[in-house]
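Peer 1:
Chains as they are written, first to last, in our numbering: chain A, 20 to 323; chain B, 55 to 414.
#1: Which of helix, strand or coil does DSSP assign to residue 359/B?
#2: Between the Cα of residue 265/B and those of 226/B, 399/B and 333/B, spot the shortest distance and give me the residue it belongs to.
#3: Give a yes or no on contact between the segment 225-240 of chain B and the segment 283-291 of chain B, applying the rule of three or more CB pairs nearer than 8 Å.
#4: Expressed to the nearest angstrom, what Euclidean distance is found between the alpha-carbon atoms of residue 130/A and residue 71/A?
#5: Does the structure place the segment 105-120 of chain A close enough to the segment 195-208 of chain A that three or more beta carbon pairs sit under 8 Å?
#6: Below 8 Å on C-beta distance, what does residue 201/A contact in chain B?
#7: Give me whichever residues DSSP pairs with residue 143/B in a beta bridge.
#8: Can you list, in chain order, the residues of its chain with a C-beta nearer than 7 Å to that of residue 186/B? Leave out the 5 residues immediately preceding and following it.
#9: Pick helix, strand or coil for residue 399/B, following the three-state DSSP scheme.
#10: Give me whichever residues DSSP pairs with residue 310/B in a beta bridge.
#11: Residue 189/A CB to nearest chain B CB: under 9 Å?
#12: Tell me residue 21/B's beta-bridge partners as DSSP assigns them.
#13: Determine whether the beta carbon atoms of residue 137/B and residue 117/B lie at a separation below 9 Å.
#14: Nearest-angstrom Cα distance between residue 17/A and residue 251/B?
#15: Is there a C-beta anywhere in chain A that falls below 9 Å from the one on residue 132/B?
#16: Let me know the secondary structure DSSP gives residue 187/A once reduced to three states.
#17: Just mark residue 288/A as buried or exposed, buried being the case when its beta carbon has 16 or more other beta carbons within 10 Å.
#18: Taking the alpha-carbon of residue 350/B as reference, which of 397/B, 94/B, 340/B and 102/B has the nearest alpha-carbon?
#19: Given that residue 292/A touches chain B, what residues does it touch there, using C-beta distances under 8 Å?
#20: Could you name the residues of the segment 133-167 of chain A whose beta carbon sits closer than 8 Å to any beta carbon of chain B, in the order they occur along the chain?
#21: Quick one: does residue 309/B have its CB under 9 Å from some CB of chain A?
#22: Residue 180/B to residue 52/A, Cα distance in whole Å?
#23: Pop quiz: residue 164/A and residue 186/A are said to be a contact at Cβ under 8 Å. What is the actual Cβ separation, rounded to whole angstroms?
#24: Starting from the N-terminal side, write out each stretch of the beta strand (DSSP E) that is 3 residues or longer and does not extend beyond the segment 237-279 of chain A.
#25: Is residue 58/B helix, strand or coil when you go by DSSP?
#26: Could you give the distance in angstroms between the alpha-carbon of residue 242/B and the alpha-carbon of residue 397/B?
#27: Output yes or no for whether 9 Å exceeds the beta carbon distance between residue 120/B and residue 326/B.
#28: With a threshold of 8 Å (Cβ to nearest heavy atom), would residue 131/A be considered close to the ligand GTP?
#29: What is the rounded straight-line gap between the Cα of residue 307/A and the Cα of residue 250/A?
#30: Please state whether DSSP places residue 268/B in a helix, a strand or coil.
#31: Mark residue 56/A as exposed unless 16 or more other C-beta atoms lie within 10 angstroms of its C-beta, in which case mark it buried.
#32: In its own chain, which residues sit with a C-beta less than 6 Å from the C-beta of residue 287/B, not counting the 5 before and 5 after it?
#33: Buried or exposed, going by whether 16 or more other CB atoms sit within 10 Å of the CB of residue 394/B?
#34: Please state if the CB of residue 311/B and the CB of residue 155/B are separated by a distance shorter than 9 Å.
#35: If the criterion is Cβ atoms closer than 9 Å, does the pair residue 152/B and residue 330/B meet it?
#36: Using the beta-carbon count (16 or more within 10 Å), is residue 316/A buried or exposed?
Here it is, written out as structure tokens:
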């Protein structure tokens, strides 16, 4: 019976091979435009910047005189390596906090019925409708000396006088970036979590696993690909950001982005700026690959 | 019928517009031309160039820059031919002439040139070694201390106040690598822009020691305004009186400014015709327009800058004139006024400044 209803595997295979052949030309044509775009506007500029990092500046011109001095400068000058380390630390803290805050929210959203889910997702992106700069200034109003937080603590009697420890420091950078990047963690987490069938969780329970145990040994490992993508989103943006430290960072919130920006701007030393960019990117890449290896190894162990 | 009528209307409109265009063209030999300007924001505002555009039937098209290095980078990118006019600061004037990026001026075509401040007209780099003028001074400002009058009954007379533990956490620096030169001046060095190595290191050391006392290093006027308004800061080093003026305009009354006893660094921004300008004659006309008393007065009203043409004072309200005269070197004869000058190793300055800002 089944044979007459379903096409045989052989014919199905045959047909799909034919289709593939027919659409290959189309596929290439389809991919040519984005490939050209990526090459021209992403790979080429990055390549030029990489080249610049080995060149020097003379007066206000970049000249092709090969040197490694900018890379040496990065590792020998405290300004560069110390700011990089600080930025990595801040970015890691922001990523960790976003993950802790986003996971329960994402789980909640992912377990809603499909129609509600899209509404919840839409709501999480509402902050992104306003300009990033507006949100930075909003945090300034909240954390400032005459800000909302200080007035609230004063009126509650928790503070005798307004505190300066909320704004113009690393704490303010950390809070602002966490708020800004939270949706970038929630969206990939939800899309991973919603694909995990609830029955798997049920099966774990049926097989005698405690709820917490099922969560730890089933749900978390299965959601790791989403965790990885979310962390990647948040970490990279936080590491490279320079606007938040410039606006709410004060004197101790300066990050590597600000240093790089001034090398490209005020001092017109593009080669040094490029070298600092590439070293920071390399460090970030190593961390990301490590994280990927960790999450994917764990995810594979529990593949179903 | 309706269709036909609308065609008639369009034709009529086209004829009318054409007539307007032709009449403008008949009046001006430059009609339809575009002047490409590389300027600091505000220098070619509609309020300043609008009447010029109308008079000559031309368009002023600006690209904004935020630093003098940006000016170099942009001019270099087009070999000096991609812009017609630039607005450089005195710290790069000599270099622009040296590198042949700007051209000699024909001052006979600048009817307002003679009324400009002679001090500014003869600054190093405004002319070449032979005295040929290259750059027309346009606006200026001097670094001052802005302070909260509730905290300071007497104006702080010295830059020392910026190192006073008593005000720890309530002091604002200025996010500009030329802060190094200001503190060199404060330390009494002869030439703040070309320091000996040990002088440079002494300045750096002083600023590193100052770092813990600093609340923030603002880069923009709005950041200063915010810091004073919220009471975060009681005294600040700023690049000009514009900050105090902005605060007054915001309704903050307990604010004043002072030029410290050690003196001040004065920046002067100028106007120049690029080497590759498409129509130097037209650019001369625009420069003459911008240094005319009317435009100079407007510049002060809109942006509170000091002016190169004192004849504009006659067009300004009394309090503006009082402010302008109060910051004038003539009213501060006992204080040093050092104009911004080129720095040999600017990259070192920027990096040092970055290190200081990051806590050394």
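Positions of the beta carbon are idealized from the N, C-alpha and C atoms, including for glycine. What you are looking at is a predicted structure, and each value in this text was computed from that prediction instead of being measured.
Peer 2: Taking the structure as given:
#1: Taking the first residue of the second chain as 1, we reach residue 359/B at position 305. Annotated three-state conformation of residue 359/B is coil, per DSSP.
#2: As a position in the second chain, residue 265/B is number 211, starting the count at 1. Looking at the Cα atoms, 226/B is the closest of the given residues.
#3: Of all C-beta pairs linking the segment 225-240 of chain B to the segment 283-291 of chain B, three or more are shorter than 8 Å, placing the two stretches in contact.
#4: For this step, residue 130/A is matched to residue 111 along the first chain. For this step, residue 71/A is matched to residue 52 along the first chain. Each residue's alpha carbon lies about 50 Å from the other.
#5: Output reads yes: the segment 105-120 of chain A touches the segment 195-208 of chain A.
#6: Taking the first chain and counting its residues from 1, one reaches residue 201/A at position 182. In chain order: nothing, as chain B lies at least about 26 Å away.
#7: Within the second chain, numbered from 1, the residue matching residue 143/B stands at position 89. In the DSSP output, where bridge partners are listed per residue, residue 143/B has 323/B.
#8: Mapped onto the second chain, residue 186/B falls at position 132. Taking residue 186/B as the centre and dropping the five residues before and after it, the same chain places the C-beta of 158 closer than 7 Å to its C-beta, in chain order.
#9: Taking the first residue of the second chain as 1, we reach residue 399/B at position 345. Under the three-state reduction of DSSP, residue 399/B is assigned to coil, being neither helix nor strand.
#10: Residue mapping note: residue 310/B aligns to position 256 of the second chain, counting from 1. Paired residues: 201/B.
#11: As a first step, residue 189/A is located in the first chain; it is residue number 170 there, counting from the start. Using a CB distance cut-off of 9 Å, residue 189/A does not count as an interface residue toward chain B.
#12: This structure cannot settle anything about residue 21/B, because the visible part of chain B is limited to 55 through 414.
#13: Translated into the one-based positions of the second chain, residue 137/B becomes position 83. Translated into the one-based positions of the second chain, residue 117/B becomes position 63. Contact flag set, yes.
#14: A query on residue 17/A cannot be resolved here, the shown segment of chain A reaching from 20 to 323 and no further.
#15: Walking along the second chain from the start, residue 132/B turns up at place 78. Residue 132/B does not count as touching chain A.
#16: As a working note, residue 187/A is residue 168 in the first chain. Assignment of residue 187/A by DSSP, reduced to helix, strand and coil, places it in the coil class.
#17: As a working mapping, residue 288/A is identified with position 269 in the first chain. So residue 288/A ends up on the buried side.
#18: By one-based count along the second chain, residue 350/B stands at place 296. The shortest C-alpha separation from residue 350/B is found at 102/B.
#19: The count along the first chain starts at 1 and reaches residue 292/A at position 273. Identification of chain B residues near residue 292/A by a Cβ-Cβ cut-off of 8 Å yields none; the smallest Cβ-Cβ distance measures about 11 Å.
#20: Within the segment 133-167 of chain A, the residues whose Cβ lies closer than 8 Å to any Cβ of chain B are, in chain order, 159, 163, 164, 165 and 166.
#21: As a position in the second chain, residue 309/B is number 255, starting the count at 1. For residue 309/B, the answer is no, since every Cβ of chain A falls outside 9 Å of its Cβ.
#22: Indexing the second chain from 1 puts residue 180/B at position 126. Indexing the first chain from 1 puts residue 52/A at position 33. If you take the alpha carbons of residue 180/B and residue 52/A, they lie about 52 Å apart.
#23: As a first step, residue 164/A is located in the first chain; it is residue number 145 there, counting from the start. As a first step, residue 186/A is located in the first chain; it is residue number 167 there, counting from the start. 7 Å between Cβ atoms; contact.
#24: Runs found: none.
#25: Mapped onto the second chain, residue 58/B falls at position 4. For residue 58/B, the pLDDT reaches just 48, beneath the cut-off of 50, and the residue's location in the model is therefore unreliable, although a value from the coordinates is still provided. Residue 58/B falls in the helix class under three-state DSSP.
#26: In the second chain, counting from the first residue as 1, residue 242/B sits at position 188. In the second chain, counting from the first residue as 1, residue 397/B sits at position 343. Cα-Cα distance, rounded: 18 Å.
#27: Working through the second chain from its first residue, we reach residue 120/B at position 66. Working through the second chain from its first residue, we reach residue 326/B at position 272. Not closer than 9 Å, so no.
#28: What this structure holds is no ligand at all, so the ligand GTP is not there to describe.
#29: Within the first chain, numbered from 1, the residue matching residue 307/A stands at position 288. Within the first chain, numbered from 1, the residue matching residue 250/A stands at position 231. Taking the straight line from one Cα to the other gives about 9 Å.
#30: Residue numbering aside, residue 268/B sits at position 214 when the second chain is read from its first letter. For residue 268/B, the secondary structure class from DSSP, reduced to helix, strand or coil, is strand.
#31: On the first chain, position 37 is the one that residue 56/A refers to. Residue 56/A is exposed by the Cβ-count criterion.
#32: Taking the first residue of the second chain as 1, we reach residue 287/B at position 233. Excluding sequence neighbours, residue 287/B sits near 224, 226, 269 and 281.
#33: Position 340 of the second chain, counting from 1, holds the residue named residue 394/B. Buried: at least 16 other Cβ atoms inside 10 Å.
#34: Against the second chain, residue 155/B aligns to sequence position 101. Against the second chain, residue 311/B aligns to sequence position 257. Contact flag unset, no.
#35: As a working mapping, residue 152/B is identified with position 98 in the second chain. As a working mapping, residue 330/B is identified with position 276 in the second chain. In this structure, residue 152/B lies away from residue 330/B, with their beta-carbon atoms at least 9 Å apart.
#36: Walking along the first chain from the start, residue 316/A turns up at place 297. Exposed, by the Cβ-count rule.
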